[in-house]
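Residue numbers (this note's numbering): 14 to 270.
Even for Gly, the Cβ is constructed at its ideal location relative to N, Cα and C.
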């Protein structure tokens with residue numbers, strides 16, 4: 014079972030401590046090494062567990078806003094593609110990268126200017142109510158899982174936001190089978206090529222933050238992967254398939270605080 018869709022346009026960034034307005038009581042989790050993330054305090058305390066878990070996320074009540082792609086920043090590797098995007102005021106917002114799957118699902122990730130990384134999923138058979146939250150687990154087939162609160166950004170996309178781009182990339186590139194359990198999309202997604210994809214997204218992000226020209230375009234394009242490595246999804250026991258051709262959608266971000 015698999016899928017390809019259009020990711021949401023992100024609204025809001027993780028804001029921690031005094032930078033957050035009074036009405037936002039949640040804080041973003043901070044990375045703790047490369048094996049997992051150290052829990053941060055929320056309105057409710059999470060029980061201590063044997064595994065190193067993460068309460069990595071940030072919520073926002075802001076409505077989705079339009080984001081404009083920055084010309085010349087597009088990049089691609091295999092079936093992954095992305096670009097840099099601006100806020101409505103023209104300032105840099107994020108570099109995103111996404112991939113579609115057979116069956117209609119989409120995995121969308123974005124690296125933001127405030128050092129956060131969002132991981133969102135959509136599935137044609139699952140619909141959300143904007144703003145709903147879910148106790149969820151983000152995991153790969155190796156390494157420790159990450160526990161956090163996912164949020165529905167619109168009726169199609171929901172996911173988790175992690176604080177610390179470098180540590181988040183280290184976590185997400187531990188394996189090639191990704192799951193985000195707890196939001197109603199209980200499938201394993203084949204994320205072969207995620208290391209190269211996030212590498213290009215990080216280059217894109219660094220270029221925008223430092224003001225260097227060329228953005229991700231300067232990094233070039235990684236050669237297309239063989240068909241046998243096409244993204245796929247499935248449940249335990251099989252049901253894998255390859256992604257058909259098609260253009261991925263461009264999510265819009267939540268505006269900068």
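Taking 9 angstroms as the cut-off, the Cβ atoms of residue 191 and residue 178 do not count as close. Here the alpha carbon of residue 98 sits roughly 31 angstroms from the alpha carbon of residue 157.
Using a Cβ distance threshold of 9 angstroms, residue 153 and residue 215 do not count as a contacting pair. Between the stretch 168–185 and the stretch 139–155 there are three or more C-beta pairs closer than 8 angstroms, enough to call the two in contact.
With a threshold of 16 other beta carbon atoms within 10 Å, residue 222 falls short and is exposed. Between residue 195 and the set 159, 180 and 205, the nearest pair of CA atoms involves 159.
For residue 209, the enclosing alpha helix (DSSP H) has its first and last residue at 207–223.
Here residue 122 is not near residue 213, since their CB atoms are 9 angstroms or more apart.
Within the same chain, and ignoring the five residues on either side of residue 198 in sequence, the residues whose Cβ sits closer than 6 angstroms to its Cβ are 134, 136 and 139. Here residue 168 carries a coil assignment [DSSP, helix/strand/coil].
Taken through DSSP and simplified to helix, strand or coil, residue 157 comes out as coil.
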